[in-house]
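Using my numbering, read the sequence shown as starting at 54 and increasing by one per residue. Okay, structure first, notes after.
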Amino acid sequence: MARGLLLLDVDGPLNPYAANKTRRPPGYTTYRRTATGWHTGRDARRFRGMRVWLNPCHGAQLLALAEETGLTLVWATTWQHEANDRIGPAVGLPRLPVVEFPGLTTSGWDEEWKWPAVADYAAGRPLAWLDDEHDRTGAEEFTRRRAGAPTLLCHVDPRQGLGPAHLAQVRDWAGSLA
C-alpha cells in the first residue's frame with residue numbers, strides 16, 4: 054500500500070483562533086502576521102495584524118506521530134507555502150510538502166474549496182486530515198470520491214486546537230491500516 058498522508062491545517066488545529074481572544078491558551082506563543090513581517094515577543098504586542106497562537110510542542114508531537122505511523126506530514130492550509138516559512142519554524146517542523154489550492158484568493162471562496170485539491174493531491178493514498186472545517190459542505194462528496202481509500206477526517210475544535218486525543222485518534226486509525 055502507498056505511504057499514507059497526515060494533512061495539517063494551520064488555523065484551527067495549530068492556531069486555536071477561536072479561543073478566548075483576550076487570553077492566550079497555556080503553552081502557546083503569540084505571533085503577529087503583518088504587512089511588515091512576522092512578529093513575536095514584545096513585537097507581537099506592538100504591531101497590529103493577524104494574531105496567531107502557536108504551541109512549540111506541536112512540531113515534536115507531529116514528527117513523533119509521523120515516525121510512529123509511517124504517515125507523511127503535508128500542509129493543507131490557506132497558508133500554503135508560507136506555512137513552511139512561518140508556522141513550521143515556530144512549532145519545530147521541517148519544510149513539508151504543500152497541497153496547493155488553485156484559485157485561492159483573500160476575497161473568499163465557497164465552502165467546498167479544499168476538498169477537490171486534497172482529493173487530487175492524495176490520489177487514492179490513505180490520509181488522515183487534521184482540520185477544523187470537516188463539518189462543512191463537501192465532506193460527503195469527498196469521501197464518496199475517495200471510495201476504497203482509507204480516510205480519517207479528524208475534526209479539531211478551533212477554540213481548543215490540537216490535543217492528545219487527536220494524536221491518539223490518528224495513531225489508532227493508522228494502526229488499523231496494517
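Glycine residues also receive a C-beta, built at the ideal position from the N, C-alpha and C atoms.
Identify every residue that forms a DSSP beta bridge with Asn68. DSSP links Asn68 through a beta bridge to Asp64.
Can you list the alpha helix (DSSP H) stretches of 4 or more residues lying completely in the stretch 80-167, in chain order?
When DSSP assignments are scanned along the stretch 80-167, the uninterrupted stretches of alpha helix (DSSP H) that are 4 or more residues long and fall wholly within it turn out to be 95-99, 111-122, 141-144.
Bounding residues of the beta strand (DSSP E) (the contiguous stretch that carries His219) = Note, His219: premise wrong, no beta strand (DSSP E); alpha helix (DSSP H) at 217-228.
For Ala170 versus Val151, is the C-beta spacing smaller than 8 angstroms? Result no, Cβ atoms of Ala170 and Val151 do not sit closer than 8 angstroms.
Next item on the list: Pick helix, strand or coil for Asp173, following the three-state DSSP scheme.
Entry: Here Asp173 sits in helix by DSSP.
Self-check item: Arg101 beta carbon less than 8 angstroms from that of Thr87
Solution: Annotated as proximal: Thr87 and Arg101, with beta-carbon spacing under 8 angstroms.
How would you label Gly214, buried or exposed, when you count the other beta carbons within 10 angstroms and need 16 or more for buried?
-> Gly214 is buried by the Cβ-count criterion.
Exercise for the section: Scan the stretch 182-216 and note each continuous alpha helix (DSSP H) run of 4 residues or more that stays entirely inside, going in chain order. Expected result: Entirely contained in the stretch 182-216, the alpha helix (DSSP H) runs reaching 4 residues are, in chain order, 192-198.
State buried or exposed for Gly228, treating a residue as buried only when at least 16 other CB atoms are found within 10 Å of its CB. Of the residues assessed, Gly228 falls on the exposed side of the cut-off, its CB having fewer than 16 other CB atoms within 10 angstroms.
| field | Pick from Leu146, Ala143, Glu135, Pro142 that is closest to Phe154, judged by C-alpha positions | value | Looking at Leu146, Ala143, Glu135, Pro142, the one whose alpha-carbon comes closest to that of Phe154 is Glu135.
Arg139 versus Gly57: straight-line alpha-carbon distance, rounded | Their backbone Cα atoms lie some 25 angstroms apart in a straight line.
- When the cut-off is 8 angstroms and only beta carbons count, does Ala202 lie next to chain B? Going by chain labels, chain B is absent from the structure shown, which holds only one protein chain.
Taking all protein chains shown into account, do 16 or more other C-beta atoms lie within 10 angstroms of the C-beta of Gly80, making it buried, or fewer, making it exposed? Gly80 is exposed by the Cβ-count criterion.
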